[in-house]
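Notes follow the structure.
Protein chains in written order, with UniProt numbering: chain C, 1 to 536; chain U, 1 to 315; chain Y, 1 to 224.
Written as structure tokens, this is what we have:
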């Protein structure tokens, strides 16, 4: 019974970690450190005479604060560095516990007062925490977290998590505040880890460094990773069921083979981790995608109404090292107009898009939108203000149907905003609940435009939307662009297809070597492009 | 701290640091060439020493002096085990998760190779843990660094005294580290490896054997790690788990050096050795900080690394 | 067996669910300059990648000098006499100009190295003066010269060049055109992949266009 209660407590830590690993795609390897913060926290706090409830709450708070610190240190890093940093944190916590006696009483660990009693002066309650009580508490905690996670996953937050996991760069352009979401996930994970640690320490009446070694962090990571390719709330539960069986199995094998159990434990964990990373891709592809629609929007009558706005770049320069990528670029995208940006590869078009959409801060110059300076505004806030971009290669969200993708983007306008109109606008409404991977390349490009439009942005920055399109699809794109301008949307169109530019653009700018070298109607500017600068 | 103690601390710090340098150089070489972080690299350093021990001395080593034949045998086995294990880690835990040359970056599976590297390191520790289950082992020194002179001590100017072993480790570590750095810059193979790390697709289109060069780099990095293990292990009591922190200390050095610069890894590894030595000596810190401080440096250096690039990325 | 140097037969290829090449065929004769035109995203680069072994064709085959090279690795195809200069001026930034040129030389080609090096320097004199500089320090046009020169170091029978004129100043394009013609006169064929006609019209013996995944003669009509 003790073991079951202990495993259930640890499941709470796994579910918390799943928020980071399976939902947000952050490889966090230090959940064991948060568990130890809860365990040693509650041991110390009870030791100084705090009542049980206060000690547990405070220990959880300590773990959450540590989670916040780890978030500050890691949310801005690429995934590989997150893994490395949190792995170092796991060992840092373990080493600190072993080295500092005041923290942990060395390898022996801390003992908790026995028996532990819960008193409530108000309710005149007093009872002892027996194994049975622990089992009940752990079961209720698990059930609560599972229900909360399942609700959260089905709701709009689940959509945002899919974007965070499958396309972090894309998530920002759809109005998801990437860093804030990652930080919240990590803090929740740490708090749940702390809660699990406190529960286990109370259950065992002890907290020892050996119980929270980095091997525990790895095992929790494996459990959370199982099913990470297509997270469902049952996946981490199943994962922990497998991982929790390892020590028992290791014990039997070790006894039979007369070898140290800890070694067998490690071998089995390593084998399981290897198996999981090899299989998660193929298994994830086999899982059916979710086609359900999150709670329907309350009102669709003013769907996609746009508040027009003008985007202005003034003297924008970008220098990287000694290279000047952009040099004093002036540009204006007005409501209801298509402004084409043309130029050879390497002329700075992509960099300008990054500056305008907020992923790169210019070295000089400023960006204004509706007469407000947004040069230092982060991508997600820029999207909610009304400026977003698309990518040259269709950035896929393979686990979300087209309807769910535009619904996700519409969240930038408000929790109840619906994006269905954007699918109609791009003639994709017939594919609303299809598997996104079944769309043709051209349809995926149109879906990108639909997503960007669904954010309700007044200015769309389109990066080569016609790339890879057939002649028919190009014709569809022309219609879509026209519909967008009729709604009052301003478009910056980065495009190589000179006939498309000549056809739809109201104005054009030619970029060369990071400068705008020509500006005017498409017919004035485009011949300069097709000639590659020669007089021929 | 007196002058003599300060000199002793500097020398012993540089000595430990020079062993970190060997691991950090290998780690950086692999990171530049393939873009992956070699999570198991520290485990290779300690693991290959234990492999050598179990093959030649059995599972209960003592710090007894080895004869010439077993010394040479142990050194060769350890270096070979490091190289072989490193190549195996590449083939089994890295290559399945990184795109083949010329493929777009969409095949890049970070969780895959991170998990693969961690699993490889854990497997090394756990398998060796089956044979070596105690917390501390004394490993004989096949290089006989403490027996270079009779007393085993060297008197430095200023009254400082360091062990001969310290100087020996410093000498070997620095010479091999500098040699490796020079070879990677100037030799034909080094130039080819740099071409592959700059642009593997372009290198393949010119006919460079990218796969063979990558295997070679993993073998060299593994052998360097094995040598680092040979330098470090006999000086202290080690367990099979010591490799992780050792690897993370070397990564701390590589991160201080800017992650991706071989020369930076050289300097960074020495700096970590010095920091560790001074932390142990300092009255307000003490030996407890010998591991804690380098681990904290990894975390902080990684957190601050993006600030070094001049363009500020907003999100 | 045809006498063509390069013979691409009915190649289908693509990425994931999309098929960019839907039965593309073309041939290049010895010492001939063939230009392949097409819009961005039409599949020109995919074709080049199939020819040089970076991308696997789903069906169809590629012959070089009568030998079937379909499915061979890039470094094997180089040895059969093909050099693919990919788009985007991918120089080895941390190597010097001369290291960029010599890095791929094989041991048995070493006696020929000095001769080939001086040929490349003759074709692109701007590189000779800077041969000890790091490639990262070159201008865009010079980097383009460098990657073409680097491809020539294996003395290929066929040079496949992807978008060489992209982003080059007019004077640089003139130099490039002269260089490609000089190569033809020395016996090297070129498959020139371009989005814009200007360079192609000046050097090509034949112009093809890639549209909807198939290849057709481009003639003199302006591309749509």
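Using N, Cα and C, we set each Cβ at its ideal position, and we do this for glycine too.
Buried versus exposed call for residue i [16 or more other C-beta atoms within 10 Å across all chains shown]
| i | result |
| --- | --- |
| residue 19 of chain U | buried |
| residue 48 of chain C | exposed |
| residue 10 of chain C | buried |
| residue 62 of chain Y | buried |
| residue 119 of chain C | exposed |
| residue 155 of chain U | exposed |
| residue 271 of chain U | buried |
| residue 129 of chain Y | exposed |
| residue 194 of chain U | buried |
| residue 175 of chain U | exposed |
| residue 127 of chain C | exposed |
| residue 284 of chain U | exposed |
| residue 1 of chain C | exposed |
| residue 130 of chain C | exposed |
| residue 105 of chain U | With a pLDDT of 48 at residue 105 of chain U, under the threshold of 50, the predicted position of this residue should be treated as unreliable, though the coordinate-derived value follows. With fewer than 16 Cβ atoms within 10 Å of its Cβ, residue 105 of chain U is classed as exposed. |
Supposed close pair residue i, residue j - CB separation, criterion 8 Å
| i | j | result |
| --- | --- | --- |
| residue 492 of chain C | residue 333 of chain C | 5 Å |
| residue 357 of chain C | residue 310 of chain C | The pair is not a contact, with the Cβ atoms about 16 Å apart (cut-off 8 Å). |
| residue 192 of chain C | residue 12 of chain C | 5 Å |
| residue 14 of chain C | residue 220 of chain C | 6 Å |
| residue 157 of chain Y | residue 47 of chain Y | With a Cβ gap of about 18 Å, residue 157 of chain Y and residue 47 of chain Y do not count as contacting. |
| residue 581 of chain C | residue 215 of chain U | The requested residue 581 of chain C is not part of the displayed model; chain C covers only 1 to 536. |
| residue 402 of chain C | residue 428 of chain C | 6 Å |
Run of the alpha helix (DSSP H) containing residue i, from where it starts to where it stops
| i | result |
| --- | --- |
| residue 43 of chain U | 41-56 |
| residue 166 of chain U | 164-186 |
| residue 185 of chain Y | 170-185 |
| residue 409 of chain C | 402-410 |
| residue 100 of chain C | Counting along the chain, residue 100 of chain C falls outside any alpha helix (DSSP H), and DSSP gives it neither H nor E. |
| residue 10 of chain C | 2-18 |
| residue 610 of chain C | For residue 610 of chain C there is no data in the structure shown, the boundaries of chain C being 1 and 536. |
| residue 504 of chain C | 498-504 |
| residue 217 of chain Y | First-last for residue 217 of chain Y: 214-217, but that is the beta strand (DSSP E), not the alpha helix (DSSP H). |
Terminal residues of the beta strand (DSSP E) in which residue i lies
| i | result |
| --- | --- |
| residue 76 of chain C | Element bounds for residue 76 of chain C: n/a, residue is neither H nor E. |
| residue 369 of chain C | 364-369 |
| residue 63 of chain Y | 59-64 |
| residue 153 of chain U | 153-155 |
| residue 542 of chain C | Residue 542 of chain C cannot be examined here, being either before or after the span of chain C that is shown, 1 to 536. |
| residue 511 of chain C | 507-512 |
Under the three-state DSSP convention, the category residue i falls into
| i | result |
| --- | --- |
| residue 239 of chain U | coil |
| residue 108 of chain C | helix |
| residue 153 of chain Y | coil |
| residue 52 of chain Y | helix |
| residue 194 of chain Y | strand |
| residue 193 of chain U | helix |
| residue 68 of chain U | helix |
| residue 359 of chain U | There is no way to answer for residue 359 of chain U, as the model of chain U reaches only from 1 to 315. |
| residue 262 of chain U | helix |
| residue 200 of chain C | helix |
| residue 248 of chain C | helix |
| residue 162 of chain Y | strand |
| residue 124 of chain C | coil |
Would you call the stretch 235-250 of chain C in contact with the stretch 65-75 of chain C, where contact means no fewer than 3 C-beta pairs closer than 8 Å? The stretch 235-250 of chain C, when compared against the stretch 65-75 of chain C, does not touch it at the 8 Å Cβ threshold.
Evaluate the contact criterion for the stretch 258-272 of chain U versus the stretch 51-64 of chain U: three or more CB pairs, one atom per stretch, below 8 Å. The stretch 258-272 of chain U vs the stretch 51-64 of chain U: no contact.
Can you confirm whether the stretch 396-403 of chain C touches the stretch 159-169 of chain C when touching is taken to mean that 3 or more C-beta pairs between the two stretches lie within less than 8 Å? Yes, they touch.
Can you find at least 3 beta carbon pairs, one from the stretch 232-246 of chain U and one from the stretch 120-129 of chain U, that sit closer than 8 Å? With a cut-off of 8 Å, the stretch 120-129 of chain U and the stretch 232-246 of chain U count as touching, because enough Cβ pairs lie within range.
If contact is defined by three or more beta carbon pairs under 8 Å, each pair taking one atom from either stretch, is the stretch 448-462 of chain C in contact with the stretch 20-38 of chain Y? With fewer than three CB-CB distances shorter than 8 Å, the stretch 20-38 of chain Y does not count as touching the stretch 448-462 of chain C.
Is there contact here, the stretch 60-77 of chain U with the stretch 134-145 of chain U, by at least three beta-carbon pairs under 8 Å? Yes, they touch.
Between the stretch 170-182 of chain C and the stretch 30-44 of chain C, can you find at least three pairs of beta-carbon atoms closer than 8 Å? Counting Cβ pairs under 8 Å, fewer than three are found: no touch.
Would you call the stretch 142-156 of chain C and the stretch 366-373 of chain C touching, i.e. three or more CB-CB distances under 8 Å? A contact is defined here as three or more CB-CB pairs under 8 Å, and the stretch 142-156 of chain C fails this definition with respect to the stretch 366-373 of chain C.
For the stretch 414-429 of chain C against the stretch 255-267 of chain C, are there 3 or more C-beta pairs whose distance is under 8 Å? The stretch 414-429 of chain C vs the stretch 255-267 of chain C: no contact.
Residues from the stretch 91-107 of chain Y in contact with chain B, defined by Cβ distance under 7 Å: You won't find chain B in this structure, because its protein chains are C, U and Y.
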